[in-house]
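Chain order of the listed sequences is A and B. Count the first sequence with this note's numbering and you get residues 90 to 525, in order. Count the second sequence with this note's numbering and you get residues 90 to 525, in order. Every residue gets a Cβ at the ideal spot worked out from N, C-alpha and C, and that includes glycine. Keep in mind that this is a model prediction, so the values were computed, not measured. Encoded as structure tokens, the structure appears first; notes follow it.
Protein chains: 2
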Amino acid sequence: MSQTPEIKIALIGCGTVGSGVVRILQSSADQLTRRAGRRPVLKHVVVKNPERQRDVSLDGYLVGSSVDAVVNDPEVQVAVHVVGGIQPALDDVTRLLKAGKDVITANKALLYAHGEELFALAGELNRTICFEAAVAGGIPIISAVNTALTANEILSIEGILNGTSNFILTRMYDRRQTYEEVLREAQARGYAEADPAMDVDGTDAAQKLSILTRLAFGTRVPLDAIVRQGIQHIELLDLIVAADLGYRIKLLATSRLAKGRLEVSVQPTLVRADRPAALTSGADNIISIEGSALGMLRLAGAGAGQMPTASAVVADIVDYATGRAALTFQSLLRMQQREPIPMQPQEELSRRYYLRFTVADRPHVLADIADVLGRNAISISSVRQDETEDMADGTGVARLVIMTHRTTEGRLRAADRDIAALNSLRGARIRMPIAE
Amino acid sequence: MSQTPEIKIALIGCGTVGSGVVRILQSSADQLTRRAGRRPVLKHVVVKNPERQRDVSLDGYLVGSSVDAVVNDPEVQVAVHVVGGIQPALDDVTRLLKAGKDVITANKALLYAHGEELFALAGELNRTICFEAAVAGGIPIISAVNTALTANEILSIEGILNGTSNFILTRMYDRRQTYEEVLREAQARGYAEADPAMDVDGTDAAQKLSILTRLAFGTRVPLDAIVRQGIQHIELLDLIVAADLGYRIKLLATSRLAKGRLEVSVQPTLVRADRPAALTSGADNIISIEGSALGMLRLAGAGAGQMPTASAVVADIVDYATGRAALTFQSLLRMQQREPIPMQPQEELSRRYYLRFTVADRPHVLADIADVLGRNAISISSVRQDETEDMADGTGVARLVIMTHRTTEGRLRAADRDIAALNSLRGARIRMPIAE
């Protein structure tokens, strides 16, 4: 295949994912060439520290620390951008596009915050942006929305989009460990960042959901428009009580059409124990898309990790090299021009809820809470109060779990404000929706 | 979008799936046009009986009973072929390709039997064949293999590819009904054909698996090279015993690389009850693909049915109209030229097995069977014999279930011949592998 045309690639970033990309390009060159019809040739590698030893050999590539070398090399057709964070990523991608390079990126935060302007810029410049690896790692969810579901009106997207949170929740229940114990272990094993805030507070999942929502529904959803809660306040007790009731707790990201409006949330959610999402354990991701013709399509697999993410990046390289990616991106740009679906106000999201309170063990506490719920027109489906625990100071606390009938987020928030004012409360109040 | 170029389509066949295609083309014309960048315009509909009333309106189309009208119309660019069976499908598709038409087909039997020659013909004529709907209905498995997994060596494909069989097995266990009872119900509801042989004997799943195997591994696998068993002889008893042991029985289609050879089978298989395949119920399909970089990717959804299959056909129309399909098909043709992976001889497939015998209730029967297994070097993992049942003629029969350690299909077949010769046997002998 020596006469096969080449496609010259620059790699920006050679950390975990970047090294995986290099490894696949090195080990599978012939297969990729056969697939693509062009030989992918890595020419530049841009890294912060060109001297650092890496677990892949960069011999034979032009290794430097500035994207200038890429921007100024007319041979480079496509830049594979696998650096996180907003800056310098935004400036770099902008410069690369303006220099006539197409871009393959795995940077979800960048696409969440600046995807719209970058897509518009690429459109003006007749360039292509590929980003399969930016959402759910190796799971081809971007491709599913952009190509497999084109005959459908998408009705809902629901899934587990953050592997770290799912690892923590799964491990807490399976090993009967506390949140803090599991988080420490996850950090020690490299499953969780030293600062896990973006993973456990739902930001990461919400950014991914926002990207998917824009593709699927045409609607731009900023983080603060998403009903969002993290998993930091979930206790082992909640997982055990939920299991007793036939549920697992999962950080579920959901965009759903309801009466012509879009309900978007990222929340720890009670999912019936026999549902595929409930059975998705460890760091895996799962996504269910409901289409008007197709019905429910589910995709599950590794949502992160070096080689799964690199697999998605290299699939983008092949897609790009065949010429398909440019056609898909033009299709995506046309779809961005459709009328966006209006958002449902957060207060109007309607679900059943699981509520858990830690309360002083004294008369009338349950009555007080039930009274607040009743005054906010929230109907109780079931109540469960565990045995009292004696605290160090000699007072008793009881854990009270209330399952509600269908009600709105707005009523729940109003009731929560009233309940917070009760002086019989101890510790966190937990509120989770129950998946249908 | 009145100046958008058009793409003229002929529909060959307007049965269940064809009507679904017409419905989507009618209801979603604007969305499809936006996606595709060209307006899909249905011009011809070719049906056996043009006079028949249908549940979609064919007003405004050229409705006829011969493909000649399509072959001779230079305006038609692509023929959507949704007729089953080998003939006249083979002749029609051949003529359409030779007349310069691209072809979108949902005909799995045709692709199984003549895919190779049709692909080669299309390659010579520089035409494109799309066939997402031919395998697993609405699940984009063809796209996953051809595009999402391009960075991977595929290590295995395993799945439930026949909805009818899965419906029957699920329903038998859930309702504690016999095979015959459930089959009658499935036929009454239209889930099973009047002649269900191809579904329940594994032919349908094996044809689909053969198509996937050729795409994923480059190897052409004729039906008789596949270790194949149907579900016709599975009794409710087997489902219940398997459940007691922690398994569900599923008609599992598997192609797996093992030491450089390809093991291909379609067999009712014991699957651990908490595995995604075990939890796939009713007429749904599920497919797990293992890639060298990606790890395990699972896709699940409706494997058949009018609208899910039509969704896949129309996705192919959009893929074709954007120009992507031609690029993917050229990539597929290049991949067909790779060195195929050699097949593992059937006798050498190595698994654990579930064996069930109905035997005369008299001394030494278990010893006889155990002796045969031992002489064939098959090691027993566990034995279970149920309470004796008295038959109408006053003799007793016992049901004996043996789980083996890992052994080969060849040893099992040899042992089975010896066991068949024992005169203490009554009724069917059941042999199923156990999934890892």
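For residue i, would you say it is in contact with chain A, using Cβ-to-Cβ distances shorter than 8 angstroms as the test?
{"i": "Asp-144 (chain B)", "result": "no"}
{"i": "Val-407 (chain B)", "result": "yes"}
{"i": "Val-111 (chain B)", "result": "no"}
{"i": "Ser-344 (chain B)", "result": "no"}
{"i": "Leu-368 (chain B)", "result": "yes"}
{"i": "Leu-351 (chain B)", "result": "no"}
{"i": "Gln-276 (chain B)", "result": "no"}
{"i": "Met-424 (chain B)", "result": "yes"}
{"i": "Thr-236 (chain B)", "result": "yes"}
{"i": "Thr-411 (chain B)", "result": "yes"}
{"i": "Ala-529 (chain B)", "result": "Since the first residue of chain B shown is 90 and the last is 525, residue 529 (chain B) is not available in this structure."}
{"i": "Arg-427 (chain B)", "result": "yes"}
{"i": "Ala-233 (chain B)", "result": "yes"}
{"i": "Ser-117 (chain B)", "result": "yes"}
{"i": "Leu-489 (chain B)", "result": "no"}
{"i": "Val-260 (chain B)", "result": "Residue 260 (chain B) is actually Arg in this sequence, not Val. Not closer than 8 angstroms to any Cβ of chain A, the Cβ of Arg-260 (chain B) fails to qualify, so no."}
{"i": "Ala-492 (chain B)", "result": "Note that residue 492 (chain B) is Met in the sequence shown, not Ala. Taking Cβ atoms only, chain A never reaches closer than 8 angstroms to Met-492 (chain B), which makes this a no."}
{"i": "Gly-107 (chain B)", "result": "no"}
{"i": "Ala-389 (chain B)", "result": "yes"}
Provide the residue span of the beta strand (DSSP E) that contains residue i, from first to last.
{"i": "Tyr-150 (chain B)", "result": "Segment: none, Tyr-150 (chain B) is in no beta strand (DSSP E) and carries neither H nor E."}
{"i": "Phe-220 (chain B)", "result": "First-last for Phe-220 (chain B): undefined, no H or E at that position."}
{"i": "Val-134 (chain B)", "result": "128–135"}
{"i": "Asp-191 (chain A)", "result": "191–194"}
{"i": "Val-172 (chain A)", "result": "First-last for Val-172 (chain A): undefined, no H or E at that position."}
{"i": "Thr-493 (chain B)", "result": "485–493"}
{"i": "Glu-282 (chain A)", "result": "Careful: Glu-282 (chain A) lies outside any beta strand (DSSP E) and carries neither H nor E."}
Within the 8 angstroms Cβ cut-off, does residue i reach chain B?
{"i": "Ile-228 (chain A)", "result": "yes"}
{"i": "Asp-162 (chain A)", "result": "no"}
{"i": "Leu-304 (chain A)", "result": "no"}
{"i": "Asn-241 (chain A)", "result": "yes"}
{"i": "Asp-363 (chain A)", "result": "yes"}
{"i": "Ala-404 (chain A)", "result": "yes"}
{"i": "Thr-292 (chain A)", "result": "no"}
{"i": "Gln-92 (chain A)", "result": "no"}
{"i": "Thr-417 (chain A)", "result": "yes"}
{"i": "Glu-436 (chain A)", "result": "no"}
Drop a sphere of 10 angstroms on the beta-carbon of residue i, count the other beta-carbons inside from all chains shown, and report buried for 16 or more, exposed for fewer.
{"i": "His-133 (chain A)", "result": "buried"}
{"i": "Gln-356 (chain B)", "result": "buried"}
{"i": "Val-472 (chain A)", "result": "exposed"}
{"i": "Asn-196 (chain A)", "result": "buried"}
{"i": "Ser-377 (chain A)", "result": "buried"}
{"i": "Ala-297 (chain B)", "result": "It should be noted that the sequence gives Lys, not Ala, for residue 297 (chain B). Under this definition Lys-297 (chain B) is a buried residue."}
{"i": "Gly-394 (chain B)", "result": "buried"}
For the candidate residues the options, whose alpha-carbon lies nearest to that of residue i?
{"i": "Gln-176 (chain B)", "options": "B:Gly-384, B:Ala-202, B:Arg-518", "result": "B:Ala-202"}
{"i": "Val-316 (chain A)", "options": "A:Gly-102, A:Leu-501, A:Cys-103", "result": "A:Leu-501"}
{"i": "Leu-325 (chain A)", "options": "A:His-170, A:Thr-183, A:Thr-302, A:Glu-270", "result": "A:Glu-270"}
{"i": "Thr-343 (chain A)", "options": "A:Gly-349, A:Thr-239, A:Glu-379, A:Val-172", "result": "A:Glu-379"}
{"i": "Leu-346 (chain A)", "options": "A:Pro-452, A:Glu-95, A:Ile-430, A:Arg-515", "result": "A:Ile-430"}
{"i": "Ile-467 (chain B)", "options": "B:Asp-144, B:Asp-475, B:Gln-474, B:Gly-499", "result": "B:Gly-499"}
{"i": "Met-521 (chain A)", "options": "A:Lys-97, A:Val-330, A:Arg-260, A:Leu-151", "result": "A:Val-330"}
{"i": "Arg-563 (chain A)", "options": "A:Asp-363, A:Glu-428, A:Ser-354", "result": "The first residue shown for chain A is 90 and the last is 525, placing residue 563 (chain A) beyond what the model contains."}
{"i": "Asp-333 (chain A)", "options": "A:Arg-350, A:Leu-341, A:Val-360, A:Ser-354", "result": "A:Val-360"}
{"i": "Ser-370 (chain B)", "options": "B:Asp-157, B:Leu-258, B:Ile-523, B:Asp-191", "result": "B:Leu-258"}
{"i": "Gln-142 (chain A)", "options": "A:Leu-214, A:Cys-103, A:Thr-122, A:Leu-186", "result": "A:Cys-103"}
{"i": "Thr-302 (chain B)", "options": "B:Met-424, B:Lys-190, B:Gly-390, B:Gly-335", "result": "B:Met-424"}
{"i": "Thr-447 (chain A)", "options": "A:Val-402, A:Ile-96, A:Gly-516", "result": "A:Gly-516"}
{"i": "Thr-93 (chain B)", "options": "B:Tyr-268, B:Gln-120, B:Gly-226, B:Pro-139", "result": "B:Gln-120"}
{"i": "Tyr-280 (chain B)", "options": "B:Ala-510, B:Thr-493, B:Gly-392", "result": "B:Gly-392"}
Just curious, the alpha helix (DSSP H) that residue i is in, first and last residue?
{"i": "Thr-253 (chain A)", "result": "252–264"}
{"i": "Lys-97 (chain B)", "result": "First-last for Lys-97 (chain B): 95–101, but that is the beta strand (DSSP E), not the alpha helix (DSSP H)."}
{"i": "Tyr-409 (chain A)", "result": "395–411"}
{"i": "Tyr-268 (chain A)", "result": "268–277"}
{"i": "Ala-286 (chain B)", "result": "286–289"}
Sufficient close CB pairs (3 or more, under 8 angstroms) joining the stretch 306–326 of chain B to the stretch 411–421 of chain B
no
Looking at C-beta atoms only, is the number of pairs between the stretch 278–291 of chain B and the stretch 243–254 of chain B that lie closer than 8 angstroms three or more?
yes
Could you tell me whether the stretch 448–463 of chain A touches the stretch 397–409 of chain A, using the rule of 3 or more Cβ pairs below 8 angstroms?
no
Three Cβ pairs or more, each shorter than 8 angstroms: is that satisfied between the stretch 182–198 of chain B and the stretch 159–169 of chain B?
yes
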